[in-house]
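Notes to accompany the following structure.
Chains as they are written, first to last, in our numbering: chain A, 1 to 112; chain B, 1001 to 1785.
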């Protein structure tokens, strides 16, 4: 099993969810997050005063999928969330040791 | 999905029969067990009684069965094994009672750590055993109850408040607990107890609420097979084919219970007579010829309330509440309202206090029949916590306690806050109509505004706000904020700065009132970014964009605005444009048209004339020479070379107010400097130099931007404000041989924010000129010119 964590632009969330639904993935956790990567934030001017915006609003999607599906999910996310500009976000993929469904003790892929 | 058969809550007759049947059945088994175990051993000196819900004959299928074993004295309590036999018999017959053994004296003593026990005795009922012993308790307890009524009431109130606090003191829960939640059965019982201890007039009839809550609880017990009282989403669906309608009924009843219990709790805590209470008494000097104020509660002096909204205005202005007696007297009261009445109420900073009082007393739906559409209306999802009417009131209240500094400031800049409050009042009025709620709300609002006689311009703004109340939220979540077209589309749709402010704050309120956690810092940041985006678009870029062929205007007027910056249309109301146009007509017969208005503690000078070099600086100088303090200024010129300058200024020495002839002299001096007959420099020479602190709090900053506009250089200046600053800055620009195309001046407390669009011989400023001018401007900021 792989854990896929995608940090994307807020306005791309609906597209990403729709795209995942189309390939049959509908379980995920979504969090509203703030942060920055290379985009670093920027200065904005309001009424002649500059102020720095260093944490930008983003959305984090987390999902765990069986190994064979991981590539497809990542590709789908990339296509859905890409605008080609700085700040599009990142996707992290990591190994998951086990999954347990609390309700009935299902384990592994069966619990996803 | 599995279709589950819906099992609606039983009728009130059915509820009463079921509760009575269950009570009788349990009673029979308790009596039987007593007769077979304890009765033969204790002919006298022992009795068994039902207490709590069992005592009230309100036994639900799985509610606790509370028994009291009453002994004559602590010395002859029945031995443990005898009691065990009694309990065992009942367990064997399938009952699971909770029991306690107490002597008569024990029952009439206070138990600070077990107030629940004493409270359960309020509902005691003899079942079996020594009837004479029971009579002794009855007599003693009646005396105890009379003597200790106030203290018992306080204990009941403390328990109720603790329980209600666990549910955040609100009836609005998506999955309420019909027993424990505020507005539930426990609250209902609390009002009964308090009334029993301290009888009073005018307590509301809660039988309808009891019937519904009991019916729900009965079904919940049957469905779960245990003492389960949470009205979960699943349960709501099993109870009705129209869960939203079921929940609407629930909230209607829960609200009545909640109001009743809050009133009852108030009465019992007031009697406590604390220092705080005496402090509140002091407020009574607020009393007027119409209202008396006692302990922060408003009572009516006359027999009837005033026909307008002045009662609620009074409540909102002083942040009071209606006394229970006032609420009782307001039943069925329908005020006759006009727009002016609403405007007065809604212009108060704590308008929501008045609106809540209208809601609590039932006057709001009478004054505004459209309110009935949304009363207790449920939006059934995991997100909306409040019923639509409550959401509306919470939204209006959320504008009164903004914790974020940026939005707080934005709210304070809104010139007509009643518009946003009125728009909020009706923004969801079309919900429940079964179609797109936004356009339904607009239609409803139109009817209301027609009836109240809202002036056309306010009507347009309110309609606009309702129609677009979801726009900013949708931009926040579904538009790329970095894409330039997003900002342009938004600015086009919003049109003017005032509308942007109104719509931003309306969105802020709407999101804040979805549920207590809905306005996350994340959302706040997104909303602020959307506001900034549109703000920048409206203020900066539109300055360089000029009006050409203005649509929807008479030809003469279109010629007047031709060539003015687009910003002009976006920052001025139609009335202001009309006034400017009228002034422009005067230019046919005279070289200068000047008008000075006094409004809201400030003066506004409007000047129209043919443009000439150093014009702006001269006028600024003339105004400063009267000791007046310029707060805002704008200068625009149209295609035919007519400039429209506006200066908003304060009169710190009350020169104009105390010397009316000075007003004419100011007008005359402005005319003379414009016509070149007098020099501003000379006028200012006589004025005392303002005192300048050696350590300025704001470090002056001057920045140049050549790419902000197609034809001019943008100069932004931030500086500590001081009298005469604008003249010095404008003069420095003029002396450098530059022409001021557009000016926007604003002040925030002691900070001046000045923006000039400047050209030199028709072109942008080159680097050399920029650095020269920069040092001149910095010197002007420091007052050393």
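A virtual CB, placed ideally from N, CA and C, is assigned to each residue, including glycine.
Restricting to Cα atoms, I'd like to know which of the options is closest to residue i.
| i | options | result |
| --- | --- | --- |
| residue 1242 of chain B | B/1431, B/1008, B/1685, B/1535 | B/1008 |
| residue 1390 of chain B | B/1141, B/1433, B/1170 | B/1170 |
| residue 1644 of chain B | B/1672, B/1665, B/1612 | B/1612 |
| residue 1369 of chain B | B/1334, B/1400, B/1357 | B/1334 |
| residue 27 of chain A | A/95, A/109, A/63 | A/63 |
| residue 1396 of chain B | B/1331, B/1422, B/1406 | B/1422 |
| residue 96 of chain A | A/86, A/70, A/33 | A/70 |
| residue 1130 of chain B | B/1048, B/1329, B/1152 | B/1048 |
| residue 1344 of chain B | B/1362, B/1311, B/1426, B/1366 | B/1311 |
| residue 1076 of chain B | B/1753, B/1472, B/1105 | B/1105 |
| residue 1519 of chain B | A/7, A/2, A/32 | A/32 |
| residue 1329 of chain B | B/1305, B/1155, B/1350, B/1257 | B/1305 |
| residue 1835 of chain B | B/1384, B/1742, B/1451, B/1531 | Beyond the ends of chain B as shown, which are 1001 and 1785, falls residue 1835 of chain B; an answer cannot be given. |
| residue 1025 of chain B | B/1537, B/1093, B/1436 | B/1093 |
| residue 1547 of chain B | B/1466, B/1085, B/1405, B/1559 | B/1559 |
| residue 1738 of chain B | B/1704, B/1058, B/1773, B/1718 | B/1773 |
| residue 1316 of chain B | B/1349, B/1286, B/1342, B/1289 | B/1349 |
| residue 1036 of chain B | B/1595, B/1083, B/1497 | B/1083 |
| residue 1439 of chain B | B/1302, B/1361, B/1427, B/1415 | B/1427 |
Out of curiosity, what's the CA-to-CA distance linking residue i and residue j?
| i | j | result |
| --- | --- | --- |
| residue 1001 of chain B | residue 1183 of chain B | Below a pLDDT of 50, predicted positions are generally treated as unreliable, and residue 1001 of chain B, at 42, falls in that range; the measurement from the model is reported next regardless. Computed Cα separation, rounded: 34 Å. |
| residue 1264 of chain B | residue 1097 of chain B | 31 Å |
| residue 1314 of chain B | residue 1418 of chain B | 16 Å |
| residue 115 of chain A | residue 67 of chain A | The requested residue 115 of chain A does not occur in the structure, where chain A is confined to residues 1 to 112. |
| residue 1430 of chain B | residue 1454 of chain B | 20 Å |
| residue 1443 of chain B | residue 56 of chain A | 39 Å |
| residue 1581 of chain B | residue 1592 of chain B | 13 Å |
| residue 1786 of chain B | residue 1433 of chain B | There is no way to answer for residue 1786 of chain B, as the model of chain B reaches only from 1001 to 1785. |
| residue 1768 of chain B | residue 17 of chain A | 55 Å |
| residue 1638 of chain B | residue 1570 of chain B | 15 Å |
| residue 1616 of chain B | residue 1730 of chain B | 7 Å |
| residue 1522 of chain B | residue 1745 of chain B | 32 Å |
| residue 1318 of chain B | residue 1354 of chain B | 10 Å |
| residue 1336 of chain B | residue 1147 of chain B | 48 Å |
| residue 1678 of chain B | residue 1620 of chain B | 13 Å |
| residue 1402 of chain B | residue 1168 of chain B | 20 Å |
| residue 105 of chain A | residue 1219 of chain B | 31 Å |
| residue 99 of chain A | residue 110 of chain A | 8 Å |
| residue 1732 of chain B | residue 1407 of chain B | 36 Å |
| residue 1222 of chain B | residue 1240 of chain B | 15 Å |
For the beta strand (DSSP E) containing residue i, name the first residue and the last one.
| i | result |
| --- | --- |
| residue 113 of chain A | The first residue shown for chain A is 1 and the last is 112, placing residue 113 of chain A beyond what the model contains. |
| residue 1794 of chain B | This structure leaves residue 1794 of chain B out entirely; chain B is present only between 1001 and 1785. |
| residue 1629 of chain B | 1629-1637 |
| residue 1294 of chain B | 1291-1294 |
| residue 1756 of chain B | 1751-1759 |
| residue 1735 of chain B | Per DSSP, residue 1735 of chain B belongs to no beta strand (DSSP E); it is in the alpha helix (DSSP H), 1725-1735. |
| residue 1286 of chain B | It is not in any beta strand (DSSP E) - residue 1286 of chain B carries neither H nor E in the DSSP assignment. |
| residue 1126 of chain B | 1125-1129 |
Using a Cβ cut-off of 9 Å, pull out every chain E residue sitting near residue i, in sequence order please.
| i | result |
| --- | --- |
| residue 83 of chain A | Judged by its chain identifiers, the structure shown contains no chain E, and its protein chains are A and B. |
Can you tell me where the alpha helix (DSSP H) holding residue i begins and where it ends?
| i | result |
| --- | --- |
| residue 1106 of chain B | 1104-1107 |
| residue 1209 of chain B | 1207-1224 |
| residue 1324 of chain B | 1324-1329 |
| residue 1089 of chain B | 1080-1092 |
| residue 1668 of chain B | 1661-1675 |
Mind listing which residues of the segment 1497-1529 of chain B have their C-beta closer than 8 Å to chain A's C-betas, in chain order? 1520, 1521, 1522, 1523, 1525, 1526, 1529
Would you say the segment 1066-1080 of chain B touches the segment 1048-1056 of chain B, given that touching needs at least three Cβ pairs under 8 Å? yes
Using 8 Å as the threshold, is the segment 1475-1489 of chain B in touch with the segment 4-14 of chain A, meaning 3 or more CB pairs across them? yes
Should the segment 1751-1765 of chain B be regarded as contacting the segment 1648-1657 of chain B, the criterion being three or more beta carbon pairs within less than 8 Å? no
Just checking, does the segment 1366-1375 of chain B make contact with the segment 1491-1505 of chain B on the three C-beta pairs under 8 Å criterion? no
Report yes or no: do three or more beta-carbon pairs, one from the segment 1180-1194 of chain B and one from the segment 1202-1219 of chain B, lie closer than 8 Å? yes
Using Cβ-Cβ distances below 8 Å, what residues of the segment 1397-1412 of chain B are close to chain A? none
For the segment 1449-1477 of chain B, enumerate the residues whose C-beta is nearer than 7 Å to any C-beta of chain A, in chain order. 1477
Indicate whether the contact test is met: 3 or more Cβ pairs, each with one atom in the segment 1016-1032 of chain B and one in the segment 1120-1128 of chain B, closer than 8 Å. yes
With contact counted as at least three CB pairs below 8 Å, one residue from each stretch, are the segment 1718-1734 of chain B and the segment 1620-1636 of chain B in contact? yes
Given 8 Å as the limit, is there contact between the segment 1153-1162 of chain B and the segment 1249-1265 of chain B, that is, 3 or more CB pairs closer than that? yes
Identify each residue in the segment 23-39 of chain A for which the Cβ-Cβ distance to at least one residue of chain B is less than 7 Å, and report them in chain order. 32, 34
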